[in-house]
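Protein chains: 2
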Amino acid sequence: MTPGGAVTRETLAALDAADPLARFRERFALPRDVVYLDGNSLGAMPRAASRRVAEVAEREWAEGLIRSWNDAGWIDLATRIGEKIGRIIGAAPASTIVADSTSVNLFKLLAAALRLRPGRRVILSEAGNFPTDLYIAQGLAALLGEGHELRSVAAESLPAALDESVAVMMLTHVNYHTGAMHDMAALTAQAHAKGALALWDLAHSAGAVPLALASAQADLAVGCGYKFLNGGPGAPAFLHVAPALQAQIRYPITGWLAHAAPFAFEPGFRPATGIAAAAVGTPPVLSLACLECGVDIALEAPMEILRAKSLAQSDLFMRLIEERCAGAGLAIVTPREEQRRGSQVSLRHPDAWPIMQALIARGVIGDFRAPDVLRFGITPLYLRYAELWDAVEALRDILATEAWRDPRYAARRAVT
Amino acid sequence: MTPGGAVTRETLAALDAADPLARFRERFALPRDVVYLDGNSLGAMPRAASRRVAEVAEREWAEGLIRSWNDAGWIDLATRIGEKIGRIIGAAPASTIVADSTSVNLFKLLAAALRLRPGRRVILSEAGNFPTDLYIAQGLAALLGEGHELRSVAAESLPAALDESVAVMMLTHVNYHTGAMHDMAALTAQAHAKGALALWDLAHSAGAVPLALASAQADLAVGCGYKFLNGGPGAPAFLHVAPALQAQIRYPITGWLAHAAPFAFEPGFRPATGIAAAAVGTPPVLSLACLECGVDIALEAPMEILRAKSLAQSDLFMRLIEERCAGAGLAIVTPREEQRRGSQVSLRHPDAWPIMQALIARGVIGDFRAPDVLRFGITPLYLRYAELWDAVEALRDILATEAWRDPRYAARRAVT
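Quick mapping for you: the protein sequence lines, in order, are chains A and B.
Read in the numbering used here, the first sequence has 389 at position 389, and its numbers run on one by one without any break.
Just add 1000 to wherever you are in the second sequence, counting from 1, and you've got the numbering used here.
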């Protein structure tokens, strides 16, 4: 569609027909009658994933049994998939590995960062950072005591807050709530100028936006396998350590898989060389093998084309919200400038909870984030332009008819 | 068979025909032409597991998408399966949860134990404990500094080493190398008498031997899902915290799933009540759901019958080794007294590595543990008496013909 030109469902269907990424949609198993706008929370299932988990279960586990650690290469999965993710995030070779959960990896890297900057006891972060990141930092500071602390400031105050007490600046690249994206290279340079390390949480970035960890000189990073990487529910997470730090870094959780000779069963811990030392225990193989299916698709799709479609779809969605839901009380939270946003659109409304439940009941699946945000993930690998039309029409109707006031949409559920 | 009576393959086949556990064999998918004696390293696949992972992938993930956290109950899996494991290990209700890996859980509980005993800085363990347990304790002590240390002594020196400096005694209930089993109640009482906490690693115990954590007054425990619980490769681990400690315990890794209100997205960490506070991040759902299939079978099989068969099969195996492999240089490492062993038989031989490779090439799958141990897991849920005959005959032939000297059995592989 031309900026300023009339948008109709037909013009959008024409965009879908011409979409260079259209073929990727068929790689995913998506339910009929659903517009899925929650791939930033749980990515859709690659069709290859169900074949792969069946293969791991029925052939590698049932038939291969313990032999599959060697014969099916289970022992190499975490480094192999980590290496692939490293390419997606623009990291140097041999600097990324799959391990544990994002939260555990954050603990490992924050503890390691504090040891890399002895005498500095502050973890600097942003007040609006993803809560679990703040919790992990709080928990680590409480464990270490002796003046260790998490200092959270508003995003705009980060440069001023960087001083000689800060060991590590921990930021989430794309904000889970608003979709706002930080300038990784600029903030990392500011941290380095004050002697601090920069740790980036890529949960809402990996597979969603262009990343260049090596050229941004990011020291440390963690990220999630089950959002834009489509790795499956609770897929193992990843972590990155810049090559220059790998010889000196000391991880706090020293499990057998991180040992230089894991099967020598030595009584003393000797870390493996390189990123392998960031592993801990035996990985969950079914979930780990499944992750690779999503990662492989992300590697195939050119990021510049993905990003262009993500921006176009986000722009379209915001424009349709403004044009077709005008006066309905929705406020767009996500920054409009392209370089300042990730791949989601967040809308604020005082009745966000029941509105989202009404949308989900109509098959338009986004999610709610407390206290008042409707969150919509833009996933260009499988999202069609025309689906955004349908989503906005559903939202428009729910708001116009006040369908969301139906009492069945008021009830809270365990997971929001 | 009668003790002292002649053992033949036929008498053993008759035992199998009369085995009250025989029906459980059909619940597992086992390859033909394999005698599987490595269920203490990776349990066999329950047939239900491949159906379950297909269901999780194709229905819950692909069709249900993010809705499955509520609708398919993903959010409750870790506590529900943990509760079932709690019954298997004889723990009090609401004291066991599935989370992370055994190594990460050990780190969490050791750090928490040191905080529960302020002023005490020693983690006491056994020199022959599973190396990763020692590594985790070493890593934690190094992180905390200030005199924190792991003190490892010989098993018989444990009572004497328990003094007022010991915060926590960390032991593996059944030794991975020898199969020797500790007296949990007695050692726990000795630890308590000195004011120390007792932490038990149940990796080779859960699902293998009778456990009564509540009556033994064990304070803390960790354990593995993929050995005798047949939960699948790298299945998530579990941990246990005695109810009396749950109000005061403080975990070091404070992730969002452990928050009192995980979806309130509060900036400060407030722990959940009870064992839920021991969770960290999002669990790997495919591997987690799969674990439940193995746990359900373990709950169905009466432990007293399992234990009787395990002891009978271990006795048979040791007797056949002594009778049919006499003079071949094998030494039985596992204690003969029933109350002093778990559910494995370990044999020592200077050429253990190539001998085990030759055995595996003939379809008899055990494993090797450095430097010189052949390890055989006894898994009465799916192991037949006659298979033990076949295993010993294969071993006898390999030793008698020196087939293990074939150069192809010399090469080491990544995983031993």
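All C-beta atoms in this analysis are idealised placements derived from N, C-alpha and C, irrespective of residue type, glycine included.
Per-residue DSSP class, three states only, for residue i
| i | result |
| --- | --- |
| B/P1354 | helix |
| B/P1407 | helix |
| A/Y36 | strand |
| B/S1346 | strand |
| B/D1397 | helix |
| A/H204 | coil |
| B/D1296 | helix |
| A/A17 | helix |
| A/E149 | strand |
| A/F269 | coil |
| B/H1192 | helix |
| B/E1402 | coil |
| A/M1 | Model confidence at A/M1 stands at a pLDDT of 47, short of 50, so the residue's coordinates are unreliable; what they give is reported in the following sentence. Coil. |
| A/E10 | helix |
| B/I1360 | helix |
| B/A1331 | strand |
| B/A1099 | coil |
| B/G1082 | helix |
| A/A414 | coil |
| A/R340 | helix |
| A/I365 | strand |
| B/G1073 | coil |
| B/G1377 | strand |
| A/A57 | helix |
| A/A186 | helix |
| A/L430 | It is not possible to answer for residue 430 of chain A, since the shown part of chain A is limited to 1 through 416. |
Residue i vs residue j beta-carbon contact at 7 Å
| i | j | result |
| --- | --- | --- |
| A/G363 | A/D33 | yes |
| B/M1197 | B/G1294 | Contrary to the premise, residue 1197 of chain B reads as Leu rather than Met in this sequence. No. |
| B/V1280 | A/V168 | no |
| A/A43 | A/K227 | What sits at residue 43 of chain A in the sequence shown is Gly, not Ala. The answer is yes: Cβ separation under 7 Å. |
| A/L171 | A/A137 | no |
| A/L77 | A/L239 | no |
| B/P1236 | B/G1225 | yes |
| B/L1359 | B/A1411 | no |
| B/T1282 | A/G223 | no |
| B/R1250 | B/R1067 | no |
| A/A258 | B/A1370 | no |
| A/E60 | A/A72 | yes |
| A/A185 | A/A216 | yes |
| B/V1053 | B/L1291 | no |
| B/L1220 | B/L1187 | no |
| B/D1372 | B/A1352 | yes |
N- and C-terminal bounds of the alpha helix (DSSP H) containing residue i
| i | result |
| --- | --- |
| A/A22 | A22 to R25 |
| B/R1047 | R1047 to A1054 |
| B/L1110 | T1102 to L1116 |
| A/I305 | M303 to R324 |
| A/L158 | L158 to A161 |
| A/L213 | L213 to A216 |
Delimiting residues of the beta strand (DSSP E) encompassing residue i
| i | result |
| --- | --- |
| A/L134 | Premise fails: A/L134 lies in the alpha helix (DSSP H), P131 to L144, not in any beta strand (DSSP E). |
| A/E126 | V122 to E126 |
| A/A167 | V166 to T172 |
| A/A221 | L220 to G223 |
| B/L1239 | F1238 to V1241 |
Tell me whether the segment 1320-1339 of chain B and the segment 324-340 of chain A touch, counting them as touching only if at least three CB pairs, one residue from each stretch, are closer than 8 Å.
no
May I ask you to list, following chain order, the residues of the segment 1266-1283 of chain B that have a beta carbon less than 8 Å from some beta carbon of chain A?
E1266, P1267, G1268, F1269, V1280, G1281, T1282 and P1283
Does the segment 1002-1021 of chain B come close enough to the segment 1255-1275 of chain B that 3 or more CB-CB pairs lie under 8 Å?
no
Inter-stretch contact at 8 Å, needing at least 3 Cβ pairs: the segment 1128-1147 of chain B / the segment 1300-1317 of chain B:
no
Selection of the segment 1284-1316 of chain B by Cβ proximity to chain A, strictly under 8 Å
P1284, V1285, L1286, S1287, L1288 and C1290
Can you confirm whether the segment 1147-1155 of chain B touches the segment 1122-1133 of chain B when touching is taken to mean that 3 or more C-beta pairs between the two stretches lie within less than 8 Å?
yes
Check whether the segment 1306-1315 of chain B touches the segment 1083-1102 of chain B, counting contact only when three or more Cβ pairs, one atom from each stretch, lie closer than 8 Å.
no
Could you list the residues in the segment 117-132 of chain A with a C-beta less than 9 Å from some C-beta on chain B, going in chain order?
A127, G128, N129, F130, P131 and T132
Between the segment 67-91 of chain A and chain B, which residues of the former have CB atoms less than 8 Å from a CB of the latter, in chain order?
R67, S68, W69, N70, W74, I75 and D76
For the segment 1189-1209 of chain B, list every residue whose C-beta sits within 8 Å of some C-beta in chain A, in sequence order.
none
Quick one: which residues of the segment 369-382 of chain A get their C-beta closer than 8 Å to a C-beta of chain B? List them in chain order.
R369 and A370
Positions along the segment 1093-1112 of chain B whose CB lies within less than 7 Å of some CB in chain A
D1100, S1101, T1102, S1103, V1104, F1107 and A1111
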